[in-house]
Amino acid sequence: MVKKRDRRIGDIALQRIVRLFELAEADARTDRRNRSDRYVQLARLIGMRYRVRIPSQLKMRFCKGCYSYLIPGKNARVRLRGEYITTTCLKCGQQMRRPYKAPRSPSARRK
Amino acid sequence: MMNITQHNILQHELIGLQAEIGASTNNSMMGLCGAVVDETRNMLVIETERKNEKWIAKAGNTFIFELGGGVRVRVKGDRIVSRPEDRIKK
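In order, the protein sequence lines correspond to chains X and C. Per my numbering, the very first residue in the first sequence carries number 163; after that it's consecutive. Per my numbering, the very first residue in the second sequence carries number 18; after that it's consecutive.
Shown next, in the form of structure tokens:
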């Protein structure tokens, strides 16, 4: 069972992660890259320290290779390739793929 | 989901808040104010209105943070001396 204290810690950690991503977004829009990348770094540290997942919609907003905050059109290229969305970081070239089609129906063999 | 309040400010995110130095062992820093833009174990980085980044030691200073809704919280800097990601557990 999760203790009350642990739940509180996880709650605050998640709030801090979300807050840091908001700030990173604002700073990246005004071209303060160093600052937004620093906020991503801090958010990741908090997530790892307290084992809180970064929400999936925010996970798509930074590069998996160099951890810089990505803004499509500015420092990221987003393309649809078949069943995947491919996001390319224009700083380090890392490609991140993410499926976007509905999951295929389970095959007949796996009944 | 609970937001940042005077009860959890010691564990919560300081970056993004408006801060003012309420008391300091260095008289010339008194009253300096601006937005907190970064944090290390011993320092807060405050961006003043003129867009200068001031690195201020946490220890020995008292900060007044502005939370939403006109709430101002006075925090002794000695109590927030720790790495930003370690502060939640304290």
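Ideal Cβ placement from N, Cα and C applies to all residues, glycine included. This structure is a prediction, so every number in the text was calculated from the model and none was measured.
The stretch 222-238 of chain X makes contact with the stretch 247-261 of chain X: 3 or more CB pairs, one atom from each, lie closer than 8 angstroms.
Residue 32(C) has a beta carbon lying within less than 8 angstroms of a beta carbon in chain X. Shown here, residue 258(X) sits in a strand according to DSSP, grouped into three states. The shortest C-alpha to C-alpha distance from residue 214(X) to any of 201(X), 263(X), 192(X), 168(X) is the one to 168(X).
At a Cβ-Cβ threshold of 8 angstroms, residue 49(C) and residue 96(C) do not count as neighbours.
Annotation: the continuous alpha helix (DSSP H) that includes residue 220(X) extends over 218-221. Annotation for residue 66(C): 51 place their beta carbon closer than 7 angstroms to its own, counting only its chain and skipping 5 residues before and after. Less than 8 angstroms divides the Cβ of residue 179(X) from the Cβ of residue 216(X).
Contact of residue 106(C) with chain X is assigned, a C-beta pair being separated by under 8 angstroms.
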